[in-house]
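*Asks:*
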Amino acid sequence: MRSILEESMLETHSMPLENRPRLPRIPLNKRNRAVVRALNQMLVTWKPAGTFARRTEFFLAPHYAVCRIIGAKLPMAGCATKQSSAIPAWRKRIEDRVAKARALIGRLTSFRSGNNRPRVVGTVRMAFAGTNISLSQPDTTQKLTERIDDLKQKRAARGKWIRRLSERSRRFNQKRLFQSDQERLYKSLERPEERAQDRIRLTLSHFGVACGQSP
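Be aware that the sequence shown starts at 69, since it is given in this note's numbering, and climbs by one per residue.
#1: Cα separation between V104 and Y132?
#2: If I measure Cβ to Cβ from L212 and keep anything under 6 Å in the same chain, skipping five residues before and after, which residues do I get?
#3: By how many angstroms is the C-alpha of K243 removed from the C-alpha of D249?
#4: With a 10 Å radius around its C-beta and 16 neighbouring C-beta atoms as the bar for buried, classify L128 as buried or exposed.
#5: Apart from the five residues just before and just after R165, which ones in its own chain have a Cβ nearer than 7 Å to its Cβ?
#6: Where does the unbroken alpha helix (DSSP H) through A169 begin, and where does it stop?
#7: Report buried or exposed for I155, applying the criterion of at least 16 other Cβ atoms within 10 angstroms of its Cβ.
#8: With distances taken Cα to Cα, identify the nearest neighbour of D209 among V192, I230 and M69.
#9: From A169 to G190, what does the alpha carbon distance come to, in whole angstroms?
#10: Is the beta carbon of L73 less than 8 Å from the beta carbon of M110?
#11: Distance, Cα to Cα, S178 vs R215?
#12: Report all residues from its chain with a CB closer than 8 Å to the CB of C279; omit the five preceding and five following residues, and keep chain order.
#13: How would you write the range of the alpha helix (DSSP H) that S71 sits in, first residue to last?
#14: Suppose you measure from the CA of S198 to the CA of A224; what does that come to, to the nearest Å?
#15: Using DSSP with H/G/I as helix, E/B as strand and the rest coil, what is A195?
#16: Measure the Cβ-Cβ separation of I137 and M83 and say whether it is below 8 Å.
#17: Cutting at 8 Å between CB atoms, please list the residues of its own chain near R28, excluding the five before and the five after it.
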């Protein structure tokens, strides 16, 4: 454990600040708590240097050491400066459902046009599983058409969900950005008044000192 901690210290010291990976969340179970307590006891005898960079390394390296000991995955180097381009979980779920519906529509359409390959037939049977519909019935084509139309309607509805939720997310982000910009603007407007008040206090204090020192 001490060797892992020392390696983490050396790597953190030689790693540029912009290339350091993000710190992941560590689950607080009994094993992880024991690892953290053991590392805390080791860190009692260690003292960070006076510079800010060395103090930062002193706090980051033990976290990396804990992640390596418990087997947690660290993000790739350089991701700290890159903006996250990950798709939201809700959108990924809906897009996966749309993709599955699109693939099923293609298989059903292919079977309706006369494709009797085993893979296509197996997909059609899975699509009608749990129903009383059999592929040997005379109205199979009508049932296939109804099923395809139903899947197309669901696909269109899920596409509307994506657009509606994306618009809601965009508005929320714009509102949050506007609020942060507004707060920053108010702070910038308040600062000149504070500096002017500080100058007035400084002038009055100098004036009082000068009056006290004058004969």
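A virtual CB, placed ideally from N, CA and C, is assigned to each residue, including glycine. Nothing here was measured: the structure is a model prediction, and the numbers come from that model.
*Replies:* Working from what's here:
#1: If I take the Cα positions, the gap works out to 11 Å.
#2: L176 and R180
#3: 10 Å
#4: Classified as buried, L128 has 16 or more neighbouring CB atoms from the shown chains inside 10 Å of its CB.
#5: The beta carbon of R165 sits closer than 7 Å to the beta carbons of R226 from its chain, once the five residues preceding and following it are set aside; these are given in chain order.
#6: A157 to R180
#7: exposed
#8: First, the amino acid is wrong: residue 209 is Thr here, not Asp. Here the closest residue by C-alpha is V192.
#9: 16 Å
#10: Contact annotation: L73 and M110 have beta-carbon atoms nearer than 8 Å.
#11: 13 Å
#12: Any reading at C279 is ruled out, since the residue's pLDDT is 46, under 50, leaving its predicted position unreliable.
#13: R70 to S82
#14: According to the sequence as given, residue 198 is Gly; it is not Ser. Cα-Cα distance, rounded: 25 Å.
#15: helix
#16: No, they are not a contact pair.
#17: Lying before the first or after the last residue shown, residue 28 is absent from the chain, which here runs from 69 to 283.
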